[in-house]
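Presented below is the structure to which this report refers.
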Amino acid sequence: MDYSLFQLINDMAGKNAFLDGLMIALTDFGPYVFVIVLLALLLNWKSAHHRIGGFVAGVTVTLSMGISYLVGQIWYRDRPFVAHEGEVNMLLDKEPSASFPSDHTTASFAIAFALWHHNRKLGGVMLALALMIGISRPFVGHHYPGDVAAGIVLGLISAEIVQFVKKKMTKPTSRGKGRTVSQ
């Protein structure tokens with residue numbers, strides 16, 4: 023079923039120059055948007071709230087990539103263009119490596135979910151971009167949809183773990199506002 027869904031998406035590649043260009047751009051440049059947003063938050067000296075949001079998103083993506091690496095080592099899966107050589111529309115060259123889970127998707131969703139906890143509007147925009155990046159991965163021939171779904175789940179789990187720890191590190195004061203344990 024995963025390969026059938028992959029074919030459904032990947033069979034659209036090479037038929038529309040605009041769509042091909044969009045999917046290539048999402049795969050190649052989409053992750054840089056996340057880096058720019060993180061840096062903008064971290065370097066926002068006027069708002070400690072935004073710096074904390076950027077830091078939390080950075081911790082979340084670091085955790086997600088560590089988990090993704092471990093999962094990829096335990097459940098190695100060939101990329102579609104390796105497993106189905108000659109049957110995949112490849113829009114971009116890629117070295118053969120673990121397909122499961124999709125690192126692009128894992129990182130994008132980890133940051134997007136973390137930002138959603140920080141700011142719903144920004145997080146919503148980043149979740150939409152993360153979804154488009156996820157769709158681009160099978161389109162360009164690099165991942166199965168299951169790899170993308172696993173990346174979404176890992177990104178969500180990582181964001182929730184970091185949010186849980188963040189809340190545990192913050193205890194309420196008598197006025198109901200949070201303060202860190204170290205304060």
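Heads up, this note's numbering is the position in the sequence shown plus 22, with the first residue counted as 1.
All C-beta atoms in this analysis are idealised placements derived from N, C-alpha and C, irrespective of residue type, glycine included.
Given residue i as reference, the closest of the options once Cα atoms are compared
i    : options                   : result
E117 : R101, S124 and L176       : R101
I89  : S124, Q185, S158 and F161 : S124
Y91  : M23, A129 and L61         : A129
I115 : F135, E109, F103 and F122 : Looking at the sequence itself, residue 115 is Asp, so the reference to Ile does not match. The candidate whose alpha carbon is nearest that of D115 is F103.
M23  : G168, A120 and A152       : G168
A181 : A136, V170 and A172       : A136
H72  : Y25, L144 and N32         : L144
G94  : L41, V170, V184 and D33   : V170
Q185 : A172, G75 and L41         : G75
Which residues DSSP lists as bridging residue i, in chain order
i    : result
T128 : T128 pairs with nothing; no bridge assigned.
For residue j and residue i, the rounded distance between their alpha carbons
i    : j    : result
Y166 : A105 : 11 Å
W97  : I46  : 27 Å
I174 : T127 : 6 Å
K190 : G163 : 42 Å
V147 : L64  : 18 Å
Q29  : A150 : 23 Å
N213 : G43  : The requested residue 213 is not part of the displayed model; the chain covers only 23 to 205.
M87  : A39  : 32 Å
V187 : H139 : 13 Å
L60  : G80  : 7 Å
V55  : E107 : 32 Å
L78  : A120 : Per the sequence shown, residue 78 should be read as Val rather than Leu. So the two alpha carbons sit approximately 27 Å from each other.
G177 : K37  : 31 Å
I31  : N66  : 39 Å
S26  : E109 : 12 Å
Q205 : R99  : Legend: pLDDT at Q205 = 46, less than 50; position of this residue unreliable, value from coordinates given subsequently. Rounded to the nearest angstrom, the two C-alpha atoms are 47 Å apart.
F51  : I58  : 11 Å
A70  : T192 : 15 Å
L113 : I179 : 31 Å
N33  : I183 : The question names Asn, but residue 33 is Asp in the sequence shown. Approximately 37 Å, taken between the alpha carbons.
N111 : L41  : 14 Å
Distance between beta carbons of residue j and residue i, contact taken as under 8 Å
i    : j    : result
T82  : I155 : About 16 Å; that fails the 8 Å criterion.
S158 : T49  : 5 Å
A152 : F131 : 5 Å
A62  : F161 : About 28 Å; that fails the 8 Å criterion.
CB contact below 8 Å: residue i versus chain D
i   : result
L64 : Absent here is chain D; the protein component of the structure consists of one chain.
For this session: Could you pull out every unbroken alpha helix (DSSP H) segment of at least 4 residues lying fully inside the region 62-103, listed in chain order?
Result: 70-96
Exercise. At what residue ranges does the region 98-185 contain a whole run of the alpha helix (DSSP H), taking only runs of 4 or more?
Worked result: 102-105, 125-140 and 142-161
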